[in-house]
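2 protein chains.
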Amino acid sequence: MTYCVGLLLNEGIVLLSDTRTNAGLDNISVYRKTFVFEDPGERVIAILTAGSLSVTQTAIALLQDAIEDPDAEPQHSILAAPSMLKVAEIVGNTLASVRQDIEAKMSAEKVSTQASMILAGQRRGGPMRMFLIYPEGNFIEATADTPYLQIGEHKYGKPILDRVVTTQTSLLDAQKAVLLSMDSTLRSNLSVGMPLDLTVIAKDDCRVTAQRRFEPGDESFRAMSEAWSQALRDGFARIEI
Amino acid sequence: MTYCVGLLLNEGIVLLSDTRTNAGLDNISVYRKTFVFEDPGERVIAILTAGSLSVTQTAIALLQDAIEDPDAEPQHSILAAPSMLKVAEIVGNTLASVRQDIEAKMSAEKVSTQASMILAGQRRGGPMRMFLIYPEGNFIEATADTPYLQIGEHKYGKPILDRVVTTQTSLLDAQKAVLLSMDSTLRSNLSVGMPLDLTVIAKDDCRVTAQRRFEPGDESFRAMSEAWSQALRDGFARIEI
């Protein structure tokens, strides 16, 4: 399993992913699920991945290949595409086609090749945009009404987002919100695990503004998690029935 | 969908169920999902139901029939069975057999006949016990390590239970905990809905100690829900990153 979450706010974009992958409960590994493609000052694109690792790794590798190909046409390179919408189409088509290829090989095995992605970014002069890309390559976009997108194990971490996140949320509060959303998920689903990758892209920076990895045992994450537990217990104690 | 939750505490048992049933998103009804079978002072049994309404209604009706049958043998009546474990077996067997009957009729339709139950109660002289009964009739039991059981849409309401409920929790705090757990679920899943049925069975009462229905717009539930939202936002604001 996986938990990835992205917020699209007036001040910028905040993304968080875990790193746990598993093939069964007895085969657990650490893989980065946040991928950044950057032409600093001109364009920044971040992709978070969930689902079949062979599908998402191959899709990311193909996107990277198309960027590095000197003969790539703009309709194939996400760093050359004329808009974020076009980027979403390229990523969606790549994901769907990789999935179809692999599914054809796996059909006898009944192994899932489901995979989904959160795509977020901005090109100079354009708006910040964030998309959830489905396994079939179609996508939906975050809006002011629903400024966050989630993939993977999304339920445990949703209540906190529903209660505190709006498009007016500051980048600092947004980082707190995604980390606490992840904290609730980590507590309830063993197949989501540290380390965590946090990415912040401030509006119009068109580059990664800040990136941080929280390793297992990270002192600031632990302190925040405990403070939140305490705040919940204190709040609970004060509620009258 | 449905959300039902039961807590087994040193001081007693606390149960909460919603009442929403739906056949598709466009056909929504209100059905009670909490059923009490009582021989006051001697024995109290409460059953919460989730899943296919035709399965759970038929199973409950058969359990009731067996109680009312003057010739019923103890191995068929849950009010005459010699232990709560035996009650769990009767309920499990009834659920599984009804489900098999209905599934045989439905097999061409691909309609789910999944159904599960929470069974809780006490007979005079015996311990309080609480079971989660699976669609196949097998069951697990709540213990001091995991003093709560959930059926239906369990994920949204789990974090609060994990953080505040232990076997030492008072009956009053336990009622708060299940109502706040339900509140988080109601906010995130439209197929869980008011009114709510709350049941409290104090230890060794061997009868329903308190029962309350929270109708839509219930003032005390609304106030508690808002106080909890405020407590979460206040707690969130105080957390340092």
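Which chain is which? The protein sequence lines are A and B, in order.
So the number in the working numbering is just where the residue sits in the first sequence, counting from 1, plus 35.
So the number in the working numbering is just where the residue sits in the second sequence, counting from 1, plus 35.
Note that the Cβ used here is the ideal one computed from N, Cα and C, for glycine as well.
At the level of alpha carbons, what is the spacing between Q265(B) and S216(B)?
Distance between the alpha carbons of Q265(B) and S216(B): 16 Å.
Tell me, to the nearest whole angstrom, how far the beta carbon of G76(A) is from that of T244(A); I am working on the premise that it is less than 8 Å.
Actually they do not touch by this definition, with Cβ atoms about 12 Å apart.
How about M36(B) and S205(B): are their beta carbons less than 7 Å apart?
The answer is no: Cβ separation not under 7 Å.
Which of the three DSSP states is assigned to E176(B) in this structure?
Reduced to three states, the DSSP call for E176(B) is strand.
Strictly under 7 Å for the Cβ-Cβ distance: is S216(A) near chain B by that measure?
With 7 Å as the cut-off, S216(A) does not count as an interface residue toward chain B.
Under 8 Å Cβ-Cβ, which residues of chain A neighbour Q246(B)?
Near Q246(B) there are no residues of chain A at all, since even the closest Cβ is about 15 Å away, more than 8 Å.
Can you tell me which of the three DSSP states A245(B) falls into?
In the structure shown, A245(B) sits in a strand (DSSP, three-state: E or B).
Quick one: residues in its chain with C-beta nearer than 6 Å to the C-beta of E171(A), no 5 flanking neighbours on either side, listed in chain order?
A131.
Would DSSP call E73(A) helix, strand or coil?
Residue state, collapsed to three classes: strand.
In angstroms with no decimal places, state the Cα-to-Cα distance between R134(A) and A116(A).
Roughly 22 Å between the two C-alpha positions.
Can L42(B) and V49(B) be called in contact, C-beta distance under 7 Å?
Yes, Cβ-Cβ distance for L42(B) and V49(B) is below 7 Å.
Are E188(B) and T234(B) touching if we call contact CB-CB under 7 Å?
No, these two residues do not count as a Cβ contact at 7 Å.
Is P251(A) buried or exposed, if buried means 16 or more other CB atoms sit within 10 Å of its CB?
That one is exposed.
Can a CB atom of chain B be found closer than 7 Å to the CB of Q203(A)?
No, because no Cβ of chain B sits closer than 7 Å to the Cβ of Q203(A).
Tell me the rounded alpha-carbon separation between D240(A) and R248(A).
Their Cα atoms are separated by approximately 21 Å.
DSSP puts I195(B) in a beta bridge; with which residues?
Bridge partners of I195(B): none, in fact.
For P125(A), does the three-state DSSP call read helix, strand or coil?
Note that residue 125(A) is Ile in the sequence shown here, rather than Pro. It is helical.
Are the CB atoms of T54(A) and A94(A) nearer to each other than 7 Å?
Not in contact: T54(A) and A94(A) (Cβ atoms no closer than 7 Å).
Alpha carbon to alpha carbon, how far is S112(A) from Y169(B)?
Using only the alpha carbons, I get a separation of about 51 Å.
Sort S64(A), I137(A), T202(A), K190(A) by Cα distance to Y183(A) and report the nearest one.
Cα-wise, what sits closest to Y183(A) is T202(A).
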